[in-house]
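Protein chains: 2
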Amino acid sequence: MRSARSLSSDRPVVADKREAILRAAIRVFAHNGYFSSKVADIASAAGVADGTVYLYFKSKEEILHSIFDRSMEEAIAAGRAQLEQTTDPREKLRRIALLHLERLGDDRDLAVVFQVELRGSTKFMEEFSAAGFAEYLKLIRSTFEEGQRAGVFRPELNAKVVAKILFGALDEMATNWILSKRRYKLAPMADQVLDIFLNGVSAK
Amino acid sequence: MRSARSLSSDRPVVADKREAILRAAIRVFAHNGYFSSKVADIASAAGVADGTVYLYFKSKEEILHSIFDRSMEEAIAAGRAQLEQTTDPREKLRRIALLHLERLGDDRDLAVVFQVELRGSTKFMEEFSAAGFAEYLKLIRSTFEEGQRAGVFRPELNAKVVAKILFGALDEMATNWILSKRRYKLAPMADQVLDIFLNGVSAK
DNA sequence: TGCAAAAATGAGTGGCGGTTCATTTAGCAC
DNA sequence: GTGCTAAATGAACCGCCACTCATTTTTGCA
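Which chain is which? The protein sequence lines are A and B, in order.
Take 1 as the starting number for the first sequence in the working numbering and just add one per residue.
Take 205 as the starting number for the second sequence in the working numbering and just add one per residue.
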């Protein structure tokens, strides 16, 4: 039973099922936490048998990795695309920040995985940090340096530290939003953060 | 064997052993992560038998809670004490920030537990957030509001958001410091953060 | 329609580790 | 020394769950 559309697609059913499992995993991890989530839960949420999960992923841990890798790749690509839209460094940072919070704000489950589940062990943190996080920080940093060269930002500031400050502030907005019972829009917070941030780093 | 100093102290040997287990747990959690740490590891690191741990703590989870509770209580008390040393709101925030990074910088293992292990599940996060974190944020926030009333800080800013920004920036400094292979002093970062932050929030 | 290969299934298993508790040891008063 | 209590011990238990694999189902082609 079930609509098994298989002809006409060059990528086989594989992609669909892999995708279904990843989506299910995001949902399950977000609700129960990575360590409390059972592979069986993910399987049933995805509508497949337990064993099927292992046809697409080597282990439970690899599922978490895949979620991170895919999302981070998308986020960085989207960020890069935004940067091409403008040349003003201030505006570039504004777009990065907005995009950052928009993406998380649009998918609460994914946001929970990113803000909470991925932070839960030094082992993960180190791997993830090495992978995508560092690149993301570098994106912010080089944009800032560009602004320094253009004379827009205070030249004496350490760009690495500045990047961490902006990232940290946005990160805290996201984490707070997840934990908050009161529902509000996340993306608009970007403006408030940037107001203070740009005011703090701009050359007078 | 062992020096069993028991007379003269009103609190019995209990406190010593509880303390030993807590310290051992911080070390073990920091090195292996909360979920990978075995109670047996903590016990042997503390120099006691497995079962002894359960004479002082109801469960493995309660150990983590106790670490958080005790440290947070100390941190907030220390923060309050600092606030009494000065009346200038700018200086107050500077001292809070410095203290924040000093405390984490002085005890890397505790810092790992705070920055990484405690963030690993929504369940923990919600409990901890409700408990001490919220109070800490409030400390920052009310100091900022005091500065607004004094005309030192921009009056149109939302104090809650401002508090999160400062906290987020400091938090990111701490997390980065833990994950960094290069060893540097954490506390001095406070000045760089505050430079930008105060510049961003001060009334001109 | 038949048939081989690929995909999917889900019951079973093996190991792990948090917790318990019967037993041992230490502390102390007389 | 003797007896009593509190503290400490650590072997064993037991529930859990990631992962395996023998079997079944689906697919795609002739």
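By construction, the Cβ of each residue, glycine as well, lies at the ideal position given by its N, Cα and C atoms.
Since the model is a prediction, treat every value here as computed from it, not as a measurement.
Query raised in the report: Since Lys368 of chain B meets chain A, which of its residues come closer than 7 angstroms, beta carbon to beta carbon?
Result: Glu172, Met173, Asn176
Query raised in the report: Going along the chain, which residues of its own chain have a beta-carbon closer than 6 angstroms to the beta-carbon of Ala190 of chain A, five neighbours each way excluded?
Result: Ala97, Leu98, Leu101
Query raised in the report: So, is the C-beta of Tyr34 of chain A closer than 9 angstroms to a C-beta in chain B?
Result: yes
Query raised in the report: Which full runs of the alpha helix (DSSP H) of 4+ residues lie inside the stretch 120-199 of chain A, going along the chain?
Result: 122-128, 134-149, 159-179
Report task. Compare the C-beta of Thr290 of chain B with all C-beta atoms of chain A and state if any pair is closer than 9 angstroms. Result -> no
Query raised in the report: What is the rounded straight-line gap between the Cα of Ser207 of chain B and the Cα of Asp254 of chain B?
Result: Interpretation of Ser207 of chain B is limited by its pLDDT of 34, a score under 50 that renders its predicted location unreliable; no figure is taken from the coordinates.
Query raised in the report: To the nearest angstrom, how far is it from the Cα of Trp177 of chain A to the Cα of Tyr258 of chain B?
Result: 37 angstroms
Report task. Please list the partners that Lys296 of chain B has in chain A, where partner means a Cβ-to-Cβ separation under 9 angstroms. Result -> What Lys296 of chain B touches in chain A: nothing, since even the nearest Cβ is about 18 angstroms away.
Query raised in the report: What are the boundary residues of the alpha helix (DSSP H) that Thr256 of chain B is part of?
Result: 254-260
Query - Of the residues A:Pro155, A:Glu156, A:Lys160, A:Gly132, the one placed nearest Arg141 of chain A, counting alpha carbons only - result: A:Lys160
Report task. Please say whether Gln192 of chain A and Leu361 of chain B have beta carbons closer to each other than 9 angstroms? Result -> yes
Query - Alpha-carbon to alpha-carbon, Ile267 of chain B and Phe261 of chain B - result: 6 angstroms
Report task. Under 7 angstroms between beta-carbons, which chain A residues line up against Gln396 of chain B? List them in chain order, please. Result -> Asn158, Val161
Report task. Pick out whichever of A:Asn199, A:Leu93, A:Met72 has its Cα sitting closest to the Cα of Gln82 of chain A. Result -> A:Leu93
Query raised in the report: Quick one: is Ala163 of chain A buried, meaning 16 or more other Cβ sit within 10 Å of its Cβ, or exposed?
Result: buried
Report task. Consider the Cβ of Leu179 of chain A: report whether some Cβ of chain B lies at a distance smaller than 9 angstroms. Result -> yes
Query - Residues bridged to Ser406 of chain B [DSSP beta-bridge criterion] - result: B:Phe357
Requested in this report: Would you kindly check if the distance between the Cβ of Gly324 of chain B and the Cβ of Glu117 of chain A is under 9 angstroms?
Outcome: yes
Query raised in the report: CB-CB under 8 angstroms to Ile165 of chain A, same chain, minus the five flanking residues each way: which ones, in chain order?
Result: Phe197
Query raised in the report: Given a threshold of 16 other Cβ atoms within 10 Å of its Cβ, counted over all protein chains shown, does Ala88 of chain A qualify as buried or as exposed?
Result: In the sequence on display, residue 88 of chain A carries Asp and not Ala. Exposed, since its Cβ has fewer than 16 Cβ neighbours within 10 Å.
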